[in-house]
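Colleague:
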Amino acid sequence: MKDNIRTNTRKRVLSGIRANSRLHLGNYLGAIKGMLALQENPDFETFYMVADLHSINVPYKPEDLKKNIRHVVLDYLAAGLDPSKSTIFVQSHIPEHIELSYLFATELTVARMLHLPTYKEKIKQYPDDVNMALLYYPVLMASDILIYKANAVPVGDDQLPHLEVTREVARKMNEKYELDFPEPDQFKTEGHYVPSLTGEGKMSKSVEGSYILLSDTQNEIREKLAKVPTDSGRGDKIPETGGVASLFALVELFETIEKKEDYKKQYTSDGIKYSELKSELAEAIYKELGPIQKRRTELEKDEFYVDNVIQESAKKARDIAGQTLKEVKEKMGLL
Ligand code: TYM
Numbered sequence: 001m002k003d004n005i006r007t008n009t010r011k012r013v014l015s016g017i018r019a020n021s022r023l024h025l026g027n028y029l030g031a032i033k034g035m036l037a038l039q040e041n042p043d044f045e046t047f048y049m050v051a052d053l054h055s056i057n058v059p060y061k062p063e064d065l066k067k068n069i070r071h072v073v074l075d076y077l078a079a080g081l082d083p084s085k086s087t088i089f090v091q092s093h094i095p096e097h098i099e100l101s102y103l104f105a106t107e108l109t110v111a112r113m114l115h116l117p118t119y120k121e122k123i124k125q126y127p128d129d130v131n132m133a134l135l136y137y138p139v140l141m142a143s144d145i146l147i148y149k150a151n152a153v154p155v156g157d158d159q160l161p162h163l164e165v166t167r168e169v170a171r172k173m174n175e176k177y178e179l180d181f182p183e184p185d186q187f188k189t190e191g192h193y194v195p196s197l198t199g200e201g202k203m204s205k206s207v208e209g210s211y212i213l214l215s216d217t218q219n220e221i222r223e224k225l226a227k228v229p230t231d232s233g234r235g236d237k238i239p240e241t242g243g244v245a246s247l248f249a250l251v252e253l254f255e256t257i258e259k260k261e262d263y264k265k266q267y268t269s270d271g272i273k274y275s276e277l278k279s280e281l282a283e284a285i286y287k288e289l290g291p292i293q294k295r296r297t298e299l300e301k302d303e304f305y306v307d308n309v310i311q312e313s314a315k316k317a318r319d320i321a322g323q324t325l326k327e328v329k330e331k332m333g334l335l
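For the sequence shown, the positions run 1 to 335 when UniProt numbering is used.
1) Can you tell me whether M132 is buried or exposed? The criterion is at least 16 other CB atoms within 10 Å of its CB, across all chains shown.
2) Considering only residues of the same chain and omitting the five flanking positions on each side of A105, which have a CB-CB separation below 6 Å?
3) Say yes only if the C-beta of R22 is nearer than 8 Å to one or more non-hydrogen atoms of ligand 1, and no if none qualify.
4) Ignoring anything shorter than 3 residues or poking outside the segment 62-133, list the beta strand (DSSP E) runs there in chain order.
5) Three-state secondary structure (DSSP) at P195?
6) Could you check what DSSP says for S269 in three-state terms: helix, strand or coil?
7) Please classify K2 as buried or exposed, where buried requires at least 16 other C-beta atoms within 10 Å of its C-beta.
8) Go ahead and label P127 buried or exposed: buried means 16 or more other beta carbons lie within 10 angstroms of its beta carbon, across all protein chains shown.
9) Would you say the beta carbon of N27 comes nearer than 8 Å to a heavy atom of ligand 1?
10) Give the straight-line distance between the Cα atoms of I74 and A37, rounded to the nearest whole angstrom.
11) Over the uninterrupted alpha helix (DSSP H) stretch that includes L325, give me the two end residues.
12) G271: buried (16+ other C-beta within 10 angstroms of its C-beta) or exposed?
13) Counting Cβ pairs, one atom from each stretch, are 3 or more of them under 8 Å apart for the segment 178-185 and the segment 93-112?
14) Tell me the residue span of the beta strand (DSSP E) that contains Y48.
15) One question on the structure: do A226 and V251 come within less than 9 Å of each other, judged by their Cβ atoms?
16) Looking only at its chain, what residues have a beta carbon closer than 6 Å to the beta carbon of T46, apart from the 5 residues adjacent to it on each side?
17) Hey, how far is the Cα of T297 from the Cα of T118?
18) Please tell me whether, using a cut-off of 8 Å, the distance from the CB of S101 to the nearest non-hydrogen atom of ligand 1 is below it.
19) By the 10 Å Cβ neighbour count, where 16 or more other Cβ atoms means buried, how is D216 classified, buried or exposed?
20) Please go through the same chain and pick out, in chain order, the residues whose beta-carbon is closer than 7 Å to the beta-carbon of I145, but skip the five residues on each side of it.
21) Compare the beta carbon distance of G30 and H162 with 9 Å and say whether it is the shorter of the two.
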């Protein structure tokens, strides 16, 4: 692959998750499930990273970051990402991402970045820490994707505005410098928008009480579901927002759509017993998370395995990234 000329016709996939804390069901359903589906599809070549550079634009502790990077790799592997099929690496190990992002920054206006929802959210959350890296976040993300010329990006809906920026950069660079970047699309999973357990907005690492972690025990899951706000369990109209709607969404994602329809019928007839719904749901969620947790415990025993995976993958990623960067620098008159 030395010339970055595709030796095969497989489309490329790139995705990443920040390492700010342990992963939750939103990350799992919105991103990891899609990453797994594409890994198993022979038409795609898959690149999955830990977005550590995207984790340092908000206040953090270096010792925690180091641990969390490892946690994400372990969760990836435990969930089924397979280093013999996917290139699994750490973003900062491939410094070419940062270099290409600077070149991309020449094509994006500050005004465009100021209007992105993640930026607006974060400056509200950390008003004393409105740093340049936060504004630059989508530029780096565009570089993460385009440096591998990826066509498909398994991410949740909250990342759509960043994908739009990525497509814009690709178009502009192609027009101006005669490059051949693809305009990548979201690979959408069934859980592309996992609602919060609080009943307001999406499940998120930054909202306490909104999430179930991949590492939660069945008891912890039960306790968290017990706190989901509900109503009397009966009414003329099925709630479309709030805690009850979140429960229905999770029933569909972890049990079946038929089960959800059943509950809906009960809601408009005899009424729902939420204690039963929540207990069945906790069991269904744990049924999926239990085996992942077990595999993780096994993986943790071999302390060199993770290091080996990320070192080997970095070589492959760096080779491709370096070729793309060289191509862009040549076209831009830098080489
Ligand atoms: P991050 O770390 O915030 O989230 C990781 C992934 O989880 C998805 N996700 C959700 N999906 C459905 N419902 C939810 N409630 C939910 N919460 C989170 C996110 O959509 C995401 O797919 N900027 C990215 C990381 C990144 C990246 C990239 C992703 C950096 N470079 C290149 C793809 C390609 C982020 O902060 O994701």
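Ideal Cβ placement from N, Cα and C applies to all residues, glycine included.
Keep in mind it's a predicted model, so treat the numbers as computed, not measured.
Modeller: For this structure:
1) Sequence index remark: in the sequence shown, residue 132 carries index 132 (1-based). Flag for M132 reads exposed.
2) Taking the first residue of the sequence shown as 1, we reach residue 105 at position 105. Correct list, in chain order: V139.
3) What you label residue 22 is simply residue 22 of the sequence shown in a count that begins at 1. No, Cβ of R22 sits at least 8 Å from all heavy atoms of ligand 1.
4) 86-90
5) Within the sequence shown, the letter at position 195 stands for residue 195. Here P195 sits in strand by DSSP.
6) Your numbering for residue 269 matches position 269 in the sequence shown. Residue state, collapsed to three classes: coil.
7) Numbered from its first residue, the sequence shown carries residue 2 at position 2. Note that K2 scores 42 on pLDDT, short of 50, meaning its location in the model is unreliable and no value can be drawn from it.
8) Position 127 of the sequence shown, counting from 1, holds the residue named residue 127. P127 comes out exposed.
9) By one-based count along the sequence shown, residue 27 stands at place 27. Checking the Cβ of N27 against ligand 1 gives yes.
10) By 1-based counting over the sequence shown, the position of residue 74 is 74. By 1-based counting over the sequence shown, the position of residue 37 is 37. Correcting the residue type first, residue 74 is Leu in the shown sequence and not Ile. Near 18 Å, if we compare the C-alpha coordinates of A37 and L74.
11) To locate residue 325, count along the sequence shown from 1; it is residue 325. L325 -> alpha helix (DSSP H) spans 303-331.
12) Within the sequence shown, numbered from 1, the residue matching residue 271 stands at position 271. That one is exposed.
13) no
14) Looking up residue 48 in the sequence shown gives position 48. That run of the beta strand (DSSP E) goes 44-51.
15) Counting from one through the sequence shown, the residue named residue 226 turns up at place 226. Counting from one through the sequence shown, the residue named residue 251 turns up at place 251. Cβ distance not < 9 Å, so A226 and V251 don't count as in contact.
16) Residue mapping note: residue 46 aligns to position 46 of the sequence shown, counting from 1. Hits under 6 Å: V13, L38, Q39, S86.
17) Here residue 297 refers to the residue found at position 297 of the sequence shown. Here residue 118 refers to the residue found at position 118 of the sequence shown. Each residue's Cα considered, the two are about 34 Å apart.
18) As a position in the sequence shown, residue 101 is number 101, starting the count at 1. No, the beta carbon of S101 sits no closer than 8 Å to any heavy atom of ligand 1.
19) Counting from one through the sequence shown, the residue named residue 216 turns up at place 216. Buried, by the Cβ-count rule.
20) Taking the sequence shown and counting its residues from 1, the one referred to as residue 145 is at position 145. Counting only Cβ-Cβ distances below 7 Å, and skipping sequence neighbours, we find L14, V153, T166, P184.
21) Start at 1 with the first residue of the sequence shown, and residue 30 comes out as number 30. Start at 1 with the first residue of the sequence shown, and residue 162 comes out as number 162. No, Cβ-Cβ distance for G30 and H162 is not below 9 Å.
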